[in-house]
Amino acid sequence: MILTGVLKPRYYALLLVWLVSGCTGMQSGQPQPVIDQGVQSSGPAGQADDRDADAAGLQAPVSQQPPAVLALLDRAEHQANAGDLDSAAATLERAIRIDSRNPVLWHHLASVRLAEGEYLQAENLAAKSNSLAPGNRAQQIRNWQLIADARRSRGDLAGASVAEQRIRILESD
Numbered sequence: 493m494i495l496t497g498v499l500k501p502r503y504y505a506l507l508l509v510w511l512v513s514g515c516t517g518m519q520s521g522q523p524q525p526v527i528d529q530g531v532q533s534s535g536p537a538g539q540a541d542d543r544d545a546d547a548a549g550l551q552a553p554v555s556q557q558p559p560a561v562l563a564l565l566d567r568a569e570h571q572a573n574a575g576d577l578d579s580a581a582a583t584l585e586r587a588i589r590i591d592s593r594n595p596v597l598w599h600h601l602a603s604v605r606l607a608e609g610e611y612l613q614a615e616n617l618a619a620k621s622n623s624l625a626p627g628n629r630a631q632q633i634r635n636w637q638l639i640a641d642a643r644r645s646r647g648d649l650a651g652a653s654v655a656e657q658r659i660r661i662l663e664s665d
């Protein structure tokens, strides 16, 4: 994720995880927004059922996504990794029109907005993703991390601390 061109120290750990998992690209020495297709929601409501969810609260695999959403998510990933954030956002918005209850799509759009410096919008989009991901702790942790980053970037250190506390609570459950 890009924060006005400066990589915050906490991003080194996240960046390492993303690089190891092959979910991000690098351009000009700065990390790009992460669009990870590895964990997706299923069904028309964008939520996995009990048969699809594992004990950690992960949602259904990519293969259960509508093909159009998968294609758009793949395109958005390539656009974001190439640094074309405007196109990536437009592509994700198109995917959301197809599957508006998919919390992963909302999270990725939030990630792009954060990279664009649209911190308040990024926070609101991540909150929307959280509202669509009850019981999915992994997705909620990613969303709260993004919210903490957005708040910190806006200078709201107390708000970032609250978001980080939510992460610790989710991780301890």
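Using my numbering, read the sequence shown as starting at 493 and increasing by one per residue.
Glycine included, every Cβ here is placed at the ideal spot set by N, Cα and C.
As the crow flies, the alpha-carbon of Gln637 is around 16 Å from that of Pro626.
Taken in chain order, the complete alpha helix (DSSP H) segments of 4 residues or longer contained in the region 551-587 are 559-573. Nearest neighbour of Gly651 by Cα position, chosen from Asn622, Leu612, Ala568, turns out to be Leu612. For Asp641, the number of other beta carbons within 10 angstroms of its own is at least 16, and it is reported as buried.
Gly647 carries a coil assignment under DSSP once its states are collapsed to helix, strand and coil. Of Ser623, Leu617, Ser603, the smallest CA-CA separation from Ala568 is found for Ser603. Taken through DSSP and simplified to helix, strand or coil, Asn622 comes out as helix.
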